[in-house]
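**Student:** Chains as they are written, first to last, in this note's numbering: chain E, 40 to 690; chain V, 86 to 379.
1. Just mark residue 298 of chain E as buried or exposed, buried being the case when its beta carbon has 16 or more other beta carbons within 10 Å.
2. Can you name, in chain order, every residue of its own chain whose Cβ lies under 7 angstroms from the Cβ of residue 576 of chain E, other than the five neighbours on each side?
3. By the 10 Å Cβ neighbour count, where 16 or more other Cβ atoms means buried, how is residue 135 of chain V classified, buried or exposed?
4. Once the 5 residues before and after residue 304 of chain E are set aside, which same chain residues still bring their CB inside 8 angstroms of it?
5. Can you tell me whether residue 105 of chain E is buried or exposed? The criterion is at least 16 other CB atoms within 10 Å of its CB, across all chains shown.
6. Taking buried to mean at least 16 other C-beta atoms within 10 Å of its own C-beta, is residue 602 of chain E buried or exposed?
7. Determine the direct distance from the alpha carbon of residue 160 of chain E to that of residue 117 of chain E, and round the result to whole angstroms.
8. How many angstroms separate the CA atom of residue 496 of chain E from the CA atom of residue 428 of chain E?
9. For residue 674 of chain E, count neighbouring Cβ atoms within 10 angstroms of its own Cβ and tell me buried if that reaches 16, exposed if not.
10. Taking 8 angstroms as the threshold (beta carbon to beta carbon), is residue 160 of chain V in contact with chain E?
11. Would you list the residues sitting across from residue 365 of chain E in a DSSP beta bridge?
12. Quick check on DSSP: helix, strand or coil for residue 416 of chain E?
13. In angstroms, rounded to a whole number, what distance separates the CA positions of residue 243 of chain E and residue 449 of chain E?
14. At which residues does the alpha helix (DSSP H) containing residue 312 of chain V begin and terminate?
15. Under 8 angstroms, do residue 363 of chain E and residue 391 of chain E count as touching if we go by C-beta distance?
16. Spell out the partners DSSP gives residue 196 of chain E in its beta bridges.
17. Mind pulling the alpha helix (DSSP H) runs of 4 or more residues that sit fully within the stretch 261–303 of chain E?
18. What is the DSSP secondary structure of residue 665 of chain E, reduced to helix, strand or coil?
19. In this structure, how does DSSP classify residue 500 of chain E when only helix, strand and coil are distinguished?
20. Check whether the Cβ atoms of residue 377 of chain E and residue 316 of chain E sit closer than 8 angstroms, and answer yes or no.
21. With residue 404 of chain E as the anchor, note down where its alpha helix (DSSP H) starts and where it stops.
22. Give me, in chain order, the residues of the same chain whose beta-carbon lies closer than 6 angstroms to that of residue 201 of chain E; leave out the 5 immediate sequence neighbours on both sides.
23. Hey, would you say residue 453 of chain E sits closer than 8 angstroms to residue 442 of chain E, going by beta carbons?
24. Suppose the cutoff is 8 angstroms on Cβ atoms and the five residues either side in sequence are ignored; what does the same chain contact list for residue 193 of chain E look like?
25. With burial defined as no fewer than 16 other Cβ atoms inside 10 Å of the residue's Cβ, what is the status of residue 96 of chain E: buried or exposed?
26. Only counting the same chain, and skipping five residues up and downstream in sequence, which positions put a Cβ closer than 8 angstroms to that of residue 624 of chain E?
27. Quick check on this structure: which residue in V/277, V/287 and V/314 has the alpha carbon closest to the alpha carbon of residue 370 of chain V?
28. Excluding the 5 residues preceding and the 5 following residue 578 of chain E in the sequence, name in chain order all residues of the same chain whose CB lies nearer than 7 angstroms to its CB.
29. Listing by chain order, which chain E residues have their CB less than 9 angstroms from the CB of residue 370 of chain V?
30. Name, in chain order, the residues that DSSP records as bridge partners for residue 171 of chain E.
31. Is there a Cβ from chain E that is less than 8 angstroms from the Cβ of residue 337 of chain V?
32. What three-state label does DSSP hand residue 113 of chain V in the structure shown?
33. The beta strand (DSSP E) that contains residue 250 of chain E, what's its start and end?
34. Would you tell me roughly how many angstroms separate the C-alpha atoms of residue 61 of chain E and residue 374 of chain E, rounded to the nearest one?
35. Specify the secondary structure class of residue 677 of chain E as computed by DSSP and reduced to three states.
36. Kindly identify the DSSP beta-bridge partner or partners of residue 73 of chain E.
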């Protein structure tokens with residue numbers, strides 16, 4: 040048996056190697072689904088043929104599965120408790136779960152009897168989102184095991200990434216999905232309120248049967264359809280080099296297909312837009328944003344390699360299903376009326392499409408290092424939105440109001456507390472908002488700061504190299520840092536150690552700026568001694584009219600935050616002369632003193648706005664003569680508005 | 086009574102009372118000016134000394150304003166508290182001003198002793214108008230109830246989440262309903278004040294109820310008069326909005342011109358306030374005692 044298993048393992052490695060050459064990823068898993076949607080019961084009856092390759096050097100004696108839909112089984116699940124929904128009263132139909140009816144190895148050995156739920160993250164006995172089965176025989180390194188699983192998934196009313204609303208179905212996280220066997224152990228976390236996912240790459244095939252009136256979309260390429268005699272229709276899908284499979288069905292979808300072709304780099308893919316009939320007016324906005332996403336990410340990081348990309352527009356009332364990514368398939372978000380200058384559909388479309396790179400192809404572990412997906416993707420999204428819509432108006436350009444993405448993201452960081460660092464297990468943050476601001480906004484701005492520090496060209500190369508090196512693999516934060524250091528040729532440990540591991544803040548300021556006229560020499564001069572000395576001294580220190588004035592100008596810059604960042608200080612004098620000073624930023628403050636015949640006019644720390652993470656731009660600069668007109672206008676503007684308000688509200 | 090004639094009469098009466106307009110403007114300015122000082126004090130140090138002020142020098146850059154507001158959130162809180170306090174004070178002052186306006190309207194325009202007429206009127210009616218304001222809860226609460234019923238009825242009839250565009254229009258309809266109720270209550274209070282002033286009545290509650298009946302029996306015409314004059318206000322607002330947008334620069338001249346323009350607008354608001362009172366008084370007198378109407 041052992042020899043057989045070893046032989047099987049060698050064969051598997053050889054086959055795997057062949058697959059590696061043929062495909063883009065090393066296929067660790069292979070799923071073959073047969074699923075039927077029962078719209079009335081809100082269920083999916085599924086059969087799954089699963090093959091797993093032990094791609095590690097350690098034998099595996101058990102398998103661990105994600106059973107994500109059990110997060111919605113009761114108000115006691117870890118997901119519900121973390122959301123604060125433990126007291127939630129929901130109609131019976133709103134709950135969801137996954138029930139495994141049968142679990143056998145491909146040779147027919149029953150495993151259902153040894154299935155047990157485990158809670159590796161929090162020990163919550165009521166959580167059933169991870170299950171373990173002990174295997175009758177270990178799977179050796181390079182060995183494979185096949186499983187046959189039958190299950191029924193009851194979909195919840197849309198709640199975070201999957202579910203139903205009316206006759207709209209987003210079928211995500213719906214099947215028993217293997218964890219990742221890494222370093223001799225399973226990496227298989229429970230479903231948390233504020234985390235996303237992690238899985239191995241492989242091949243996914245699916246036969247999806249739905250009532251004939253439903254329009255269907257799914258991960259991958261549609262390879263066939265057939266109409267059945269019972270009034271249903273079966274769609275088949277196939278996709279390699281992905282690590283998840285989701286699908287959607289709704290009779291009110293209108294399907295639009297459009298070829299997207301890019302010459303450099305070479306990209307040829309089919310955009311599939313499933314737009315709800317209530318949102319048909321938004322179709323062109325979706326399409327344009329998706330084209331922009333394909334173009335920007337392909338040119339910036341690497342060509343989009345898949346044959347399809349499917350955009351799903353959630354039905355009205357199903358916004359909880361919006362803004363979610365799955366490989367080659369994502370949900371965007373809009374409503375029937377969104378003014379053109381409010382760029383919600385564009386931002387969500389570009390962001391969710393972008394996950395195909397940083398979650399889809401670069402298989403980051405979102406449970407443990409969510410920033411590797413969300414943070415990098417926020418950075419990419421900001422770059423794309425600024426590129427296509429203008430940095431000062433990339434979020435909103437409506438009725439004279441213009442707001443860019445960077446100020447918008449900075450708002451969250453400026454107002455945040457000092458609770459959590461960027462890198463942390465997703466369920467260990469003090470709350471959902473701390474998770475979001477750290478892994479999205481702060482991480483995105485951290486990369487923008489790095490870009491300005493390294494230069495855009497170098498940063499572009501860092502990002503391209505990271506994508507090229509780690510696509511279809513599972514990188515960690517360490518791998519990103521290593522790529523950044525290798526490409527830039529700099530030691531960046533000082534930067535990443537602070538911004539990734541500490542919850543502190545970055546704030547440098549010009550805290551003092553002054554200029555004083557230097558009094559002429561007074562006292563006893565060493566140069567003129569003896570009886571003539573008195574005559575040689577300026578009487579009482581009085582100035583002589585011929586002598587040019589000298590000013591002592593002082594600039595004090597200070598580190599008000601905890602993070603240390605080398606600083607450039609631009610000092611400008613009244614005659615327009617500039618002095619650029621460099622400070623290592625380590626001490627709490629630094630004084631620069633100048634003796635010149637003109638006064639200092641202004642001083643600015645970080646004049647190039649390198650530190651996008653700086654939580655207060657207002658104190659970054661100081662002028663000797665305060666700009667009273669600006670303050671006056673600011674105050675007058677508010678007063679004018681207030682005068683108008685008073686004239687209306689008086690009862 | 087002819088609604089247009091009442092409206093025109095109101096505008097004419099208001100035009101004939103520049104001193105009253107001036108007092109209303111001055112009261113508005115005095116109530117708002119402390120906010121200027123508070124804002125200057127709160128933001129002056131940080132913003133004026135900062136180079137970031139340069140971003141705001143030429144145009145109202147929302148991204149820079151974002152930075153100012155978020156970086157000085159404690160100052161913003163101070164400004165909000167000050168604004169709320171000033172609103173409360175102005176409400177008290179407005180009660181006095183309403184008495185002054187009506188008292189001058191009851192006399193020949195500006196013939197003599199304007200100050201004596203205006204301020205004695207403000208003092209004379211203050212207690213009664215104050216009680217009227219307190220009693221107005223009897224109108225505000227039913228108005229809120231009507232709004233809630235309207236809101237619930239809309240939600241019950243149109244609860245299909247699939248019809249998002251309809252939801253958007255229903256939102257507009259809700260806002261319109263809230264505004265209409267707000268102005269309706271204000272209008273009823275106007276007639277109550279007019280009646281108290283004309284009859285020198287001390288029965289505030291009785292006059293309030295009378296005003297409700299008066300407006301209820303002539304709802305179309307009272308609303309028509311109110312909105313005819315309201316249109317004049319909207320026109321003034323539109324002209325002000327267009328003109329104000331051309332004073333975006335921060336040169337002292339531009340700031341002064343912008344402020345001056347605002348003061349002209351506030352003067353026009355005062356003029357309109359008097360026109361409302363005078364037009365509604367004309368209508369009221371004409372309805373109650375047609376022979377007394379001019």
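C-beta: ideal position from N, C-alpha, C; glycine also.
**Tutor:** Concretely, from the data shown:
1. To locate residue 298 of chain E, count along the first chain from 1; it is residue 259. Residue environment for residue 298 of chain E: exposed (fewer than 16 other C-beta atoms within 10 angstroms of its C-beta).
2. Residue mapping note: residue 576 of chain E aligns to position 537 of the first chain, counting from 1. Only weak support exists for where residue 576 of chain E lies, its pLDDT of 48 falling under 50; the value from the coordinates is given anyway. Excluding the 5 residues flanking it on each side, residue 576 of chain E has same chain C-beta neighbours closer than 7 angstroms at 564, in chain order.
3. If you number the second chain from 1, residue 135 of chain V lands on position 50. By the neighbour-count criterion, in which 16 or more other beta carbons inside 10 Å mark a residue as buried, residue 135 of chain V falls on the buried side.
4. Taking the first residue of the first chain as position 1, residue 304 of chain E is located at position 265. Excluding positions up to five away in sequence, the list reads 337, 338, 341 and 342.
5. Position 66 of the first chain holds residue 105 of chain E. Looking at its Cβ environment, which holds 16 or more other Cβ atoms inside 10 Å, residue 105 of chain E is buried.
6. To locate residue 602 of chain E, count along the first chain from 1; it is residue 563. So residue 602 of chain E ends up on the buried side.
7. Within the first chain, numbered from 1, the residue matching residue 117 of chain E stands at position 78. Within the first chain, numbered from 1, the residue matching residue 160 of chain E stands at position 121. In a straight line, the C-alpha of residue 117 of chain E is about 9 angstroms away from that of residue 160 of chain E.
8. One-based indexing of the first chain puts residue 496 of chain E at position 457. One-based indexing of the first chain puts residue 428 of chain E at position 389. If I take the Cα positions, the gap works out to 21 angstroms.
9. By one-based count along the first chain, residue 674 of chain E stands at place 635. Residue environment: residue 674 of chain E is assigned as buried (16 or more neighbouring CB atoms within 10 Å of its CB, all protein chains considered).
10. Along the second chain, read from residue 1 onward, the residue named residue 160 of chain V stands at position 75. Output row for residue 160 of chain V: interface = no.
11. Reading the first chain from its first residue, position 326 is the one you call residue 365 of chain E. DSSP lists E/368 as partners of residue 365 of chain E.
12. Numbered from its first residue, the first chain carries residue 416 of chain E at position 377. Correct three-state label for residue 416 of chain E: helix.
13. In the first chain, counting from the first residue as 1, residue 243 of chain E sits at position 204. In the first chain, counting from the first residue as 1, residue 449 of chain E sits at position 410. It is roughly 40 angstroms from the alpha-carbon of residue 243 of chain E to the alpha-carbon of residue 449 of chain E.
14. Here residue 312 of chain V refers to the residue found at position 227 when the second chain is read from its first residue. Segment 304–329, the alpha helix (DSSP H) holding residue 312 of chain V.
15. Residue numbering aside, residue 363 of chain E sits at position 324 when the first chain is read from its first letter. Residue numbering aside, residue 391 of chain E sits at position 352 when the first chain is read from its first letter. In this structure, residue 391 of chain E lies closer than 8 angstroms to residue 363 of chain E by Cβ.
16. Translated into positions along the first chain, residue 196 of chain E becomes position 157. Looking at the DSSP assignment, residue 196 of chain E forms a beta bridge with E/203.
17. Fully enclosed alpha helix (DSSP H) runs of 4 or longer: not present.
18. Walking along the first chain from the start, residue 665 of chain E turns up at place 626. If DSSP states are grouped into helix, strand and coil, residue 665 of chain E belongs with coil.
19. For the purposes of this step, residue 500 of chain E is taken as the residue at position 461 of the first chain. It is helical.
20. Here residue 377 of chain E corresponds to residue number 338 of the first chain, with the count starting at 1. Here residue 316 of chain E corresponds to residue number 277 of the first chain, with the count starting at 1. The answer is no: Cβ separation not under 8 angstroms.
21. In the first chain, counting from the first residue as 1, residue 404 of chain E sits at position 365. Premise fails: residue 404 of chain E is in no alpha helix (DSSP H) and is neither H nor E.
22. Counting from 1 along the first chain, the entry for residue 201 of chain E is found at position 162. So the qualifying residues of the chain are 209, 211 and 212.
23. Translated into positions along the first chain, residue 453 of chain E becomes position 414. Translated into positions along the first chain, residue 442 of chain E becomes position 403. Taking 8 angstroms as the Cβ cut-off, residue 453 of chain E and residue 442 of chain E do not qualify as a contacting pair.
24. Within the first chain, residue 193 of chain E is the residue found at index 154, counting from 1. For residue 193 of chain E, where only same-chain residues beyond five positions count, the Cβ hits under 8 angstroms are 80, 81, 82, 108, 134, 135, 136, 137 and 138.
25. As a working note, residue 96 of chain E is residue 57 in the first chain. Burial call: exposed.
26. Translated into the one-based positions of the first chain, residue 624 of chain E becomes position 585. Cβ contact annotation for residue 624 of chain E (same chain, cutoff 8 angstroms, sequence separation greater than five): 547, 598, 603, 604, 605 and 606, in chain order.
27. For the purposes of this step, residue 370 of chain V is taken as the residue at position 285 of the second chain. Among V/277, V/287 and V/314, the Cα nearest to that of residue 370 of chain V belongs to V/277.
28. For the purposes of this step, residue 578 of chain E is identified with residue 539 of the first chain, where counting begins at 1. Any reading at residue 578 of chain E must be qualified, since the residue scores a pLDDT of 45, below 50, and its modelled position is unreliable; the value itself is stated next. Excluding residues within five positions, none has a Cβ falling inside 7 angstroms.
29. For the purposes of this step, residue 370 of chain V is taken as residue 285 along the second chain, with counting starting at 1. Near residue 370 of chain V there are no residues of chain E at all, since even the closest Cβ is about 23 angstroms away, more than 9 angstroms.
30. Numbered from 1 along the first chain, position 132 holds the residue referred to as residue 171 of chain E. In DSSP, residue 171 of chain E forms a bridge with E/103 and E/155.
31. Here residue 337 of chain V refers to the residue found at position 252 when the second chain is read from its first residue. Among the residues facing chain E, residue 337 of chain V is included, as its CB has a counterpart in that chain under 8 angstroms away.
32. Within the second chain, numbered from 1, the residue matching residue 113 of chain V stands at position 28. Residue 113 of chain V sits in a helix when the DSSP states are folded into three classes.
33. Working through the first chain from its first residue, we reach residue 250 of chain E at position 211. Unbroken beta strand (DSSP E) run through residue 250 of chain E: 241–250.
34. Locating residue 61 of chain E in the first chain gives position 22, where the first residue counts as 1. Locating residue 374 of chain E in the first chain gives position 335, where the first residue counts as 1. Low per-residue confidence applies at residue 61 of chain E: pLDDT is 48, beneath 50, and the placement is therefore not dependable, though the value from the model is reported in the following sentence. Rounded to the nearest whole angstrom, the C-alpha separation of residue 61 of chain E and residue 374 of chain E is 42 angstroms.
35. Walking along the first chain from the start, residue 677 of chain E turns up at place 638. If DSSP states are grouped into helix, strand and coil, residue 677 of chain E belongs with the helices.
36. The residue given as residue 73 of chain E occupies position 34 in the first chain. Paired residues: E/86 and E/246.
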